[in-house]
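Protein chains in written order, with the numbering used here: chain A, 1 to 458; chain B, 1 to 458.
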């Protein structure tokens, strides 16, 4: 079946596709905050209804957390599993948004038209590129060219606690010949990419407690222990002066980037200055003796994502706090073992606790890094399809973010994942004023049509 | 004029005095939070009305911040200036209070009856001990035994920005023979004290900024600078391994405690274990080679009172924050110069800033330590009066907290301050469930009657 009339159909129906996306974006499906549980449920219902409108059998499946959405449509080989997530990040701080994050709109900007709203790029807009490609295909040809299973999650932004159990229980239904995941970005504005290397992640929270209540620093200061001081020491000691992470055994299983991959990356002539300059920075931090792309794609990291303790309101309160806490994430590469690093982190903290201070670790969940098997023909076929749509040679790239589902598809379902997405560096993922370029949305859907055609050709 | 009938009057009128205090405590006069500005004003109005009810000429005086209250009554020597503050600390976190902090009540506890509510001890309950003493004296004798000027401030908990300018402008009106300040505590449950040594304080806020917006730690982590890491280093480096503060020149002007004072403190047999045990601690922190009382009364300190950066809500957000901030207070002793220490702190931070991180210091206001002249006969007279009321020998003590007004009375008005208060260690100043013992309130007022009698005798 030919892609051309389907591409024309996508062009003609763009206004309707945008209208659907806006309805979807208006649902504040923030998975990390229990206050939005009903909205997560509503987003799942919206997806079920939309898949049914395509002619799929689709349903919401309960989990201990937010529901999964599973839909089936089409016949024939290959069997493709498509994954996306309908949950979004919190929109705080709200005062930094120039519009209500859940009242999305298409805006004209100097760099082109953008879809503005929380989730526009991560991941609602991206997942809809694939759904719209399928819709247009069915509209033109009456049926899809192969069997497709849709699988949408609602807990990606909160660590996917229900994902592995759900994959295990439904492995027969979900295992496919190839898993397509649309949750990544372009290499640059012009160059599409297939991500073949993903860092894993370990998420930690550490809570240090001292006195049984907040104390007056004038009455107790100098004699009573201050948990913020202890936490500062714990966090300051996470890195040495060269930017390396100091946890015992942290670099076990971290392989050097092979010379040929390094050469390919060097050939990309990555513009680190421009990359940092767009967010107001001019100097790279982190491991001094590594190239920028190595630091971003191939090296493990430790980052403090949040810290809190004592009085943080307006003015001053001379409190000596009973408690201080931090959230820390470790990006993992190669064969790094999240469980071993969790133990090393606990040990790092506990060795720095003075008498009277206790530590709790309420998180500690992680997923290892993932490496795709690019020798499969589907990878080269998809790369050619992307290159045709964007009129630029597509690349196999690494990515610093973690998409644990890719590893789970391999380990639990035995299904090779292929990560293709159309986000751009300036999409402001997880930040105020998140956007998704209208071009990403439109040419993204067109890309999927070409990929479907390429994967089912002959 | 005899104290005895006045003491009897205080005993008889305790219910009415409590009722007045409850009305005063119900006003949420939180000076650090602009949302409560009208309540601060209301608390000042309440005091003006109460002083007028005594027969004083009293008025509210405008400042650039919250108003001052000044009242005059009585004739003859000595001229006594009485100081207290009507503003209170914020009541957060509200969920840790077992009652509404601004719906005060007298509660029965295993340790006796207490007045529960924000400001009960700091400082509304304390300042009213003096006002009630005057009221009872006037009721019995028709007039006070000497000239008294009441001076109440509404910015003590927010650094008293208007205090020095106001003292300067009104020095002729406020200068007196002796300034009485009721904002301190007993030495222990049984032993009253006159505070003759006060630590000063320098308050700092440091705001570190990196990227122009929050970043996704997966996309930028390892390459972009993280202000929380930098702040952790800055704060961890404030103390060395022995607990000493590392700021350049920090200990300049810090004299060793004279042997005779040390001997007197040793004779107090301070129960450090009990002091710490009451707040769930068992080990002293801070300078290793100093006694507990030295650390609390005589040594300078650096304490982080609050820290904030990145995502601190429920769940996890893999953000690499644009900003991190901390509030730090330095308690000062001897001749330590707040301005020099401010410069040393700025230097300490700036020497630890990597490229791309900038620092702002929005505060940096301080007051030096204060030492009273205990050779004045008034000190011994007041000590005897306190000893009589509490049937326990009163002591001259140091205190770790800062009461900058004491130093300003010396330096701006040339008036020697005398600090007498009836708070107890477990009053939970600045903490949830603040209380003031009913005994503190009642015997506090009785103490002032005896002190007035002693200071005006013959």
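The C-beta atom is built at its ideal place from N, Cα and C for all residues, glycine as well.
Since the model is a prediction, treat every value here as computed from it, not as a measurement.
Note to self: Taking 8 Å as the threshold (C-beta atoms), are residue 115/B and residue 429/B in contact?
What the structure shows: Not a contact, by the Cβ cut-off of 8 Å.
| task | State the DSSP-derived secondary structure class of residue 363/A, mapped to helix, strand or coil. | result | Note: residue 363/A maps to coil in three-state DSSP.
Q: With a cut-off of 8 Å on the beta carbons, I'd call residue 55/A and residue 148/A a contact; round off their distance for me.
A: In fact, because the Cβ distance is near 11 Å, the residues do not count as touching under 8 Å.
Taking Cβ positions, are residue 27/B and residue 9/B nearer each other than 8 Å? Annotated as distal: residue 27/B and residue 9/B, with beta-carbon spacing of 8 Å or more.
- Query: At a CB-CB cut-off below 8 Å, which residues of chain B make contact with residue 429/A?
  - Reply: Those within 8 Å of residue 429/A in chain B are 216, 219.
Query raised in the report: Leaving out five residues before and five after residue 84/A in sequence, what residues of the same chain have Cβ atoms less than 6 Å from its Cβ?
Result: In its chain, beyond the 5 residues on either side, 123, 127, 152, 182 have a beta carbon closer than 6 Å to the beta carbon of residue 84/A.
- Query: Just reading off the alpha helix (DSSP H) that residue 246/B is part of, what are its end residues?
  - Reply: That residue, residue 246/B, is in no alpha helix (DSSP H); it is neither H nor E in DSSP.
- [ ] Starting from the N-terminal side, write out each stretch of the alpha helix (DSSP H) that is 4 residues or longer and does not extend beyond the region 317-359 of chain A.
- [x] DSSP runs (the alpha helix (DSSP H)) wholly in the region 317-359 of chain A: 338-350.
- Could you tell me which uninterrupted beta strand (DSSP E) segments, each at least 3 residues in length, are contained entirely in the region 133-174 of chain B, listed from first to last along the chain? The qualifying runs are 148-153.
Check: Run through DSSP, which three-state label would residue 95/B get?
Finding: It is helical.
**Message:** Can you confirm whether residue 283/A, when its beta carbon is compared against all beta carbons of chain B, has any partner nearer than 8 Å?
**Reply:** It does; some Cβ of chain B falls within 8 Å.
Short Cβ contact (8 Å threshold) for residue 236/B with residue 236/A: Against a cut-off of 8 Å, the Cβ pair of residue 236/A and residue 236/B comes out as a contact.
Practice task
Could you tell me which of 373/B, 433/B, 387/B, 420/B sits nearest to residue 130/B, measuring between CA atoms?
Solution key: Checked all of 373/B, 433/B, 387/B, 420/B; the closest Cα to residue 130/B is 420/B.
* To do: Anything in the region 362-394 of chain B with a Cβ closer than 8 Å to a Cβ of chain A? List those residues in chain order, please.
  => So the close ones are 363.
- Query: At a Cβ threshold of 8 Å, is residue 36/A touching chain B?
  - Reply: Not an interface residue.
**Prompt:** Where are the alpha helix (DSSP H) runs, 4 residues long or more, that stay fully inside the region 271-307 of chain A, in chain order?
**Reply:** DSSP runs (the alpha helix (DSSP H)) wholly in the region 271-307 of chain A: 272-277.
Beta-carbon proximity of residue 417/A to residue 410/A, cut-off 8 Å:
With contacts defined by Cβ atoms closer than 8 Å, residue 417/A and residue 410/A form a contacting pair.
**OP:** For residue 85/B, write down the residues that DSSP places opposite it in a beta bridge.
**Re:** Beta-bridge partners assigned by DSSP to residue 85/B: 153/B.
### Query
Quick one: does residue 187/B have its CB under 8 Å from some CB of chain A?
So no, residue 187/B is outside the interface.
Presumed contact (8 Å Cβ cut-off) between residue 143/B and residue 238/B, rounded CB distance: Contact check for residue 143/B and residue 238/B: beta-carbon distance about 54 Å, past the 8 Å limit, so the pair fails to qualify.
Residue environment, residue 294/B, which counts as buried when at least 16 other CB atoms sit within 10 Å
Residue 294/B is classed as buried because its beta carbon has at least 16 other beta carbons within 10 Å across all chains shown.
In chain order, what residues of the same chain have a beta carbon less than 7 Å from the beta carbon of residue 140/B, not counting five sequence neighbours either side? So the qualifying residues of the chain are 5, 6, 9.
Straight-line Cα distance separating residue 31/B from residue 156/B = A straight-line Cα-Cα distance of about 8 Å links residue 156/B and residue 31/B.
My understanding is that residue 321/B touches residue 285/A, with C-beta atoms under 8 Å, so please give their C-beta distance in whole angstroms.
-> Residue 285/A and residue 321/B do not touch by the CB rule: their CB atoms are close to 13 Å apart, not below 8 Å.
Check: Run through DSSP, which three-state label would residue 436/A get?
Finding: Strand at residue 436/A.
- prompt: If you draw a straight line from the C-alpha of residue 327/A to the C-alpha of residue 313/B, how long is it?
  reply: Annotation: residue 327/A to residue 313/B spans about 10 Å, alpha carbon to alpha carbon.
- Under 7 Å between beta-carbons, which chain A residues line up against residue 142/B? List them in chain order, please. Close partners of residue 142/B in chain A (Cβ separation under 7 Å) are lacking, with about 41 Å as the shortest Cβ gap.
Integer Cβ distance of residue 247/A from residue 210/B, believed to fall under 8 Å
Rounded, the Cβ-Cβ distance is 23 Å, inconsistent with contact.
Name the residue from 436/B, 136/B, 47/B, 287/B whose alpha carbon lies nearest to the alpha carbon of residue 244/B. Nearest of 436/B, 136/B, 47/B, 287/B to residue 244/B, Cα basis: 287/B.
**8 Å Cβ cutoff met for residue 333/A and residue 300/A** = It is a contact, given that the beta carbons lie within the stated cut-off.
Does DSSP put residue 368/A in a helix, in a strand, or in coil? In this structure, DSSP gives residue 368/A a state outside helix and strand, which the three-state scheme calls coil.
Problem - Residue burial classification, residue 29/A (beta-carbon count within 10 angstroms, cutoff 16) - result: So residue 29/A counts as buried.
Name, please, each residue of chain A whose Cβ falls closer than 8 Å to the Cβ of residue 324/B. What residue 324/B touches in chain A: 307.
(message) Less than 8 Å between CB atoms is the rule here; does residue 420/A satisfy it with respect to chain B?
(response) It does not: the Cβ of residue 420/A has no partner Cβ on chain B nearer than 8 Å.
Using a C-beta to C-beta distance shorter than 7 Å, which residues of chain B count as neighbours of residue 311/A? Within 7 Å of the CB of residue 311/A, the CB atoms of chain B belong to 305, 306, 327, in sequence order along the chain.
Exercise. Can you name the residues of chain B whose CB is closer than 8 Å to the CB of residue 314/A?
Worked result: Using a Cβ-Cβ cut-off of 8 Å, residue 314/A is close to 32, 33, 34 of chain B, given in chain order.
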